[in-house]
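If you read the sequences in order, they're chains B and F.
Read in the working numbering, the first sequence has 278 at position 89, and its numbers run on one by one without any break.
Read in the working numbering, the second sequence has 85 at position 83, and its numbers run on one by one without any break.
Reviewing the structure listed below.
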Amino acid sequence: DQQVKQNSPSLSVQEGRISILNCDYTNSMFDYFLWYKKYPAEGPTFLISISSIKDKNEDGRFTVFLNKSAKHLSLHIVPSQPGDSAVYFCAASVPNAGKSTFGDGTTLTVKP
Amino acid sequence: DTGVSQNPRHKITKRGQNVTFRCDPISEHNRLYWYRQTLGQGPEFLTYFQNEAQLEKSRLLSDRFSAERPKGSFSTLEIQRTEQGDSAMYLCASSLVVDPTDTQYFGPGTRLTVL
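Below is the structure:
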């Protein structure tokens, strides 16, 4: 049972436009949600997170939205830049569980 | 701080051989995680340590896999009698137990190829 799902394996957008990456989860015990970015030949790097008590968190060009009732979160990147081209993983954690559950990732391509 | 480091970066071995990977976490981090990642999938949890104690091991992990963190600093992951299905990227990550978000910092990974 995959508790964190990213249903779009890939997304292509034009430079300067908005990128929207989506993530769905099934475990209502998750209380923190994180997005990681991964470039080829590197490990994932933390991008932005959101607590389950919030519905929005913003950091520069990156905004994460959380809809608890729908068990859905999304990452918005505005404006998108070619350097944003990478694989984006959604992850979720349960309090004191000591581990995160990852989705399978969405490959974002930003075209100049 | 140089971040999380992993050695070797690449390992090619023949089926049936044993392999060992090393992970050096960020020095003040007390949690250390091992993940496996195959093409098109996200990191799959294998095991994690808090200091030197191994607190959880995935039930998907066969008995051929063992991990240690003897002094609560670096960790090793050993795979015995490797199989072709073990070919994957093995990722190590570390975090601080006091961080409620469980933000993890990943190393570059060790890519294992079993021939």
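Cβ atoms here follow ideal geometry from the backbone N, Cα and C, with glycine treated the same way.
Can you round the beta-carbon distance between residue i and residue j to whole angstroms, since I take them to be within the 8 angstroms contact cut?
| i | j | result |
| --- | --- | --- |
| F:R17 | F:V99 | The Cβ separation is near 38 angstroms, so there is no contact. |
| F:A90 | F:F108 | That pair is no contact at about 15 angstroms. |
| F:L34 | F:Y50 | 7 angstroms |
Leaving aside the five residues before and after residue i along the sequence, list all residues of the same chain whose C-beta is less than 6 angstroms from its C-beta, in chain order.
| i | result |
| --- | --- |
| B:I239 | F222, N246, V253 and L255 |
| F:D26 | S7 and F76 |
| B:L264 | L210, W224 and V253 |
| B:I237 | W224, D248, F251 and V253 |
Can you tell me which residues form a DSSP beta bridge with residue i?
| i | result |
| --- | --- |
| F:F51 | F:L34 and F:Q56 |
| F:I14 | F:T115 |
| F:Q19 | According to DSSP, F:Q19 bridges with nothing at all. |
| F:R24 | F:N9 and F:T78 |
| F:A90 | F:L114 |
| B:I209 | B:H265 |
| B:E231 | Bridge partners of B:E231: none, in fact. |
Leaving out the 5 sequence neighbours to the left and right, which residues in its chain are closer than 7 angstroms to residue i when beta-carbon positions are compared?
| i | result |
| --- | --- |
| F:E85 | R17 and V116 |
| F:P10 | T112 |
Does the separation of the CB atoms of residue i and residue j fall below 8 angstroms?
| i | j | result |
| --- | --- | --- |
| B:Y214 | B:Q192 | yes |
| B:Q195 | B:D273 | no |
| F:L93 | F:V21 | no |
| B:K227 | B:V276 | yes |
Please work out which residues of its chain come closer than 8 angstroms, Cβ to Cβ, to residue i, disregarding the five sequence neighbours upstream and downstream, and give them in chain order.
| i | result |
| --- | --- |
| B:K288 | S282 |
Counting Cβ pairs, one atom from each stretch, are 3 or more of them under 8 angstroms apart for the segment 278 to 285 of chain B and the segment 75 to 95 of chain F? no
Tell me, please, whether the segment 71 to 78 of chain F touches the segment 52 to 62 of chain F by the rule of three or more beta-carbon pairs shorter than 8 angstroms. Using a C-beta cut-off of 8 angstroms, the segment 71 to 78 of chain F makes contact with the segment 52 to 62 of chain F, since at least three inter-stretch Cβ pairs fall below that distance.
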